[in-house]
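Heads up: the sequence shown is residues 460 to 587, going by the numbering used here. All C-beta atoms, glycine included, are put in the ideal place defined by N, C-alpha and C.
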Amino acid sequence: MAAATDFSERRPELWPNISREFWQLHDHGANWAEATEGSPAVWARERYEWSENRVVGTTQDSNVWQPGGTWTLTVEPRNGARSHIRLVLDRRWKGKGWLFYVPVALFGRQMFKRNLQKTLNVLASSRR
460 MAAATDFSER
470 RPELWPNISR
480 EFWQLHDHGA
490 NWAEATEGSP
500 AVWARERYEW
510 SENRVVGTTQ
520 DSNVWQPGGT
530 WTLTVEPRNG
540 ARSHIRLVLD
550 RRWKGKGWLF
560 YVPVALFGRQ
570 MFKRNLQKTL
580 NVLASSRR
């Protein structure tokens with residue numbers, strides 16, 4: 460959860476799919492932040508709100524998603540040091556975003572899993 464709520468200058472390092480040139484923190488508080496992040500192809504300004512084990516990102520503006528869509532990341536502790544991570548997307552495409560519809564429908568699960576694994580690898584290597 461620490462990586463999901465880290466809005467320091469390290470964020471693009473923690474989340475390799477975020478391009479540093481498209482990352483900007485607009486405002487933040489104790490349990491929320493508003494930031495623009497993404498890449499040249501896909502970017503979004505989102506308001507993040509979090510509790511102990513859940514982060515919800517709500518789209519404010521984007522080049523591919525309509526405002527109001529969300530993604531929710533939940534971390535559920537399991538036995539030992541393991542956790543179950545669940546990502547739920549509720550977004551609506553707009554404009555050129557429709558070009559991503561078929562690839563995301565077919566390969567989105569693997570793509571999001573791979574991107575999350577990159578972040579987990581960054582976290583694991585920083586703990587060594």
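- DSSP, read as helix, strand or coil, puts tryptophan 557 in helix.
- Tyrosine 507 counts as buried, since at least 16 other C-beta atoms from the protein chains shown sit within 10 angstroms of its C-beta.
- In the three-state DSSP reduction, serine 510 falls in the coil class, being neither helix nor strand.
- Per the DSSP secondary-structure output, aspartate 549 pairs in a beta bridge with Thr529.
- A residue is called buried once 16 or more other Cβ atoms fall within 10 Å of its Cβ, and tryptophan 502 is buried on that count.
- For glutamate 493, the enclosing beta strand (DSSP E) starts and ends at 491-497.
- Separation of valine 514 and leucine 546 (C-alpha to C-alpha, rounded to the nearest whole angstrom) is 10 angstroms.
- Glycine 516 and threonine 529 do touch by the CB rule: their CB atoms are close to 6 angstroms apart, below 8 angstroms.
- When beta bridges are read from the DSSP output, valine 534 appears opposite Ile544.
- Judged by beta-carbon spacing, valine 523 lies beyond the 8 angstroms limit of tryptophan 482, meaning their Cβ atoms are not closer than that value.
- For serine 478, the CB contacts under 6 angstroms within the same chain, skipping 5 residues up- and downstream, are Ser498 in chain order.
- By the neighbour-count criterion, in which 16 or more other beta carbons inside 10 Å mark a residue as buried, glutamate 505 falls on the buried side.
- In this structure, valine 581 keeps its C-beta atom at 8 angstroms or more from the C-beta atom of methionine 460.
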